[in-house]
Amino acid sequence: GIMSAMLDYSRSREQLDELRAAHRRTRDKREAGRIKAVVALATGWTAEEVAELLQIDPNTVRNHF
Numbered sequence: 004g005i006m007s008a009m010l011d012y013s014r015s016r017e018q019l020d021e022l023r024a025a026h027r028r029t030r031d032k033r034e035a036g037r038i039k040a041v042v043a044l045a046t047g048w049t050a051e052e053v054a055e056l057l058q059i060d061p062n063t064v065r066n067h068f
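According to this note's numbering, the sequence shown holds residues 4 to 68 in order.
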């Protein structure tokens, strides 16, 4: 939607590398889902696309960021 189009979800390459490393390390499924949401948003996915992939509400996706 318009709201998600106005938000800047970008992250630096270093931040994305750190997030991906944290994703590999975590054993907590909820934390892993949050990390996936942040990485996906930062790499151009919409909140709606991430929500569909993770089977959660788009607002939950936005809150993870």
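Think of the CB as a built atom: it goes at the ideal place given N, C-alpha and C, for glycine as much as any other residue. Remember, predicted model here, so these are calculated numbers, not experimental data.
Identity of the residue in the options nearest residue i by Cα
{"i": "ASP11", "options": "ILE59, LEU57, ALA50", "result": "ALA50"}
{"i": "ILE59", "options": "ARG33, VAL42, THR46", "result": "ARG33"}
{"i": "ASN66", "options": "LEU56, ILE38, GLN18, ARG16", "result": "ILE38"}
Backbone CA spacing between residue i and residue j [nearest angstrom]
{"i": "GLY4", "j": "ARG30", "result": "A caution first: GLY4 carries a pLDDT of 49, below 50, which makes its placement in the model too unreliable to give a value."}
{"i": "VAL64", "j": "ALA54", "result": "6 Å"}
{"i": "ASP20", "j": "GLY47", "result": "16 Å"}
{"i": "ARG16", "j": "ALA43", "result": "13 Å"}
{"i": "GLN18", "j": "ALA25", "result": "11 Å"}
{"i": "ARG14", "j": "ALA45", "result": "6 Å"}
Close Cβ partners of residue i (< 7 Å) along its chain, the five nearest in sequence each way excluded
{"i": "LEU22", "result": "ILE38, VAL41, VAL42"}
Sequence-distant residues of its chain with Cβ nearer than 6 Å to residue i (five each side left out)
{"i": "GLY36", "result": "LEU57"}
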